[in-house]
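Written below as structure tokens is the structure these notes are about.
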């Protein structure tokens with residue numbers, strides 16, 4: 121009876137309303153990075169071996185409470201964008217995956233929230249709920265006008281790279297940028313410091329920090345640049361699987377600039393637990409940190425820094441995509 125009901129979206133909602141559902145401590149949902157036109161994978165681990173599970177997706181993170189099920193909390197909003205994929209079965213190890221693809225360009229930058237339900241005979245009423253996972257639809261990786269150029273950066277080093285166009289940034293215009301191994305672009309002077317502090321970030325050179333932390337390409341990975349498919353209009357700087365001196369794990373992200381002053385930061389998997397992300401005009405700018413992982417947008421003036429200091433906290437921007445849009449009057453709007 122349960123398996124038949126589990127396959128219908130309306131039946132799922134009815135089922136949640138009448139059953140008490142327990143969270144399975146080891147039942148985990150995860151996702152690879154989602155890009156337009158490319159396949160990405162949503163995976164479950166820790167389900168009961170050979171059990172049936174279903175993945176639910178919504179643009180609304182909820183939560184939704186079901187009073188008839190002891191005020192059960194489900195971390196989805198069940199909005200008009202709610203989607204339930206056909207149920208399937210975990211393997212003999214309790215693992216499973218679902219391959220998906222998005223072909224709607226209008227979805228770029230959109231955020232979705234996912235949760236999985238699984239049959240669990242040891243749960244009081246036979247169902248477990250996974251963690252909630254959040255993803256962002258990323259643009260396609262630009263087709264390079266040529267191969268990427270590896271800057272062969274050492275630990276705490278920099279290289280000066282011509283942009284190929286005039287880039288407006290905080291009221292100034294730049295035609296070249298210093299690419300710093302520790303995860304930043306700076307203008308006017310390099311930044312090789314591995315001492316990551318808010319005061320240094322705000323008082324130094326004008327900076328775009330993809331992830332300013334103590335990265336070391338000599339331990340693994342590469343720092344590269346390419347002119348993408350539109351040379352003279354856009355340039356992208358890549359930190360790919362670059363290890364850090366603190367924890368040693370790989371970190372992948374990129375910073376893209378265009379001639380209109382727009383900045384895109386695109387994050388893959390990152391393992392660091394601290395660092396600074398954002399942009400600042402430097403030269404003793406006033407501190408004004410924000411939560412960059414908040415969904416939505418925020419407006420910022422001509423001289424305001426836009427950043428988050430992750431010192432001592434979990435870095436929560438992995439597999440996310442953000443846009444710093446330059447407006448006609450030089451102000452910026454941050455979208456996430």
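Residue numbers (this note's numbering): 121 to 456. Just so you know, even glycine gets a beta-carbon here, dropped at the ideal spot from N, CA and C.
Start-to-end residues for the alpha helix (DSSP H) that takes in residue i
i: residue 322; result: 318 to 323
Proximal residues to residue i (C-beta, below 6 Å), its chain only, five neighbours per side dropped
i: residue 337; result: 273, 301, 343 and 362
i: residue 318; result: 429
i: residue 275; result: 336 and 338
Which residues DSSP lists as bridging residue i, in chain order
i: residue 230; result: Partner(s): none; residue 230 has no beta bridge.
i: residue 398; result: 329 and 427
i: residue 441; result: 386
i: residue 237; result: 174 and 249
i: residue 363; result: 370
i: residue 391; result: Beta-bridge pairing links residue 391 to no other residue.
i: residue 282; result: 296
i: residue 242; result: Looking at the DSSP assignment, residue 242 forms no beta bridge with any residue, so it has no partner.
Delimiting residues of the beta strand (DSSP E) encompassing residue i
i: residue 162; result: 159 to 165
i: residue 268; result: Looking at the DSSP string, residue 268 is not in any beta strand (DSSP E), and its letter there is neither H nor E.
i: residue 290; result: No beta strand (DSSP E) contains residue 290, which DSSP labels as neither H nor E.
i: residue 306; result: 304 to 306
i: residue 219; result: 216 to 221
i: residue 151; result: 148 to 151
i: residue 275; result: That residue, residue 275, is in no beta strand (DSSP E); it is neither H nor E in DSSP.
i: residue 343; result: 342 to 346
Close beta carbons around residue i, own chain, < 8 Å, minus the five adjacent residues each side
i: residue 144; result: Per-residue confidence for residue 144 stands at a pLDDT of 43, beneath the threshold of 50, marking its modelled position as unreliable; no derived number is given.
i: residue 198; result: 133, 178, 180, 182 and 184
i: residue 148; result: 164, 165, 166, 250 and 251
Other residues of its chain near residue i: CB distance less than 7 Å, five sequence neighbours each side excluded
i: residue 398; result: 329, 412, 425, 426, 427 and 428
Distance cut-off 7 Å: residue i Cβ against heavy atoms of the ligand FAD
i: residue 323; result: With respect to the ligand FAD, the structure offers nothing, as it holds no ligand at all.
Whole-Å CB distance - residue i paired with residue j, under 8 Å assumed
i: residue 356; j: residue 374; result: 5 Å
i: residue 379; j: residue 285; result: 4 Å
i: residue 287; j: residue 377; result: 5 Å
i: residue 176; j: residue 204; result: 5 Å
Problem set entry | contact_flag[the stretch 233 to 244, the stretch 191 to 204] where n(CB pairs < 8 Å) is 3 or more | yes
Problem set entry | Contact the stretch 293 to 312 vs the stretch 434 to 445: 3+ CB pairs below 8 Å | no
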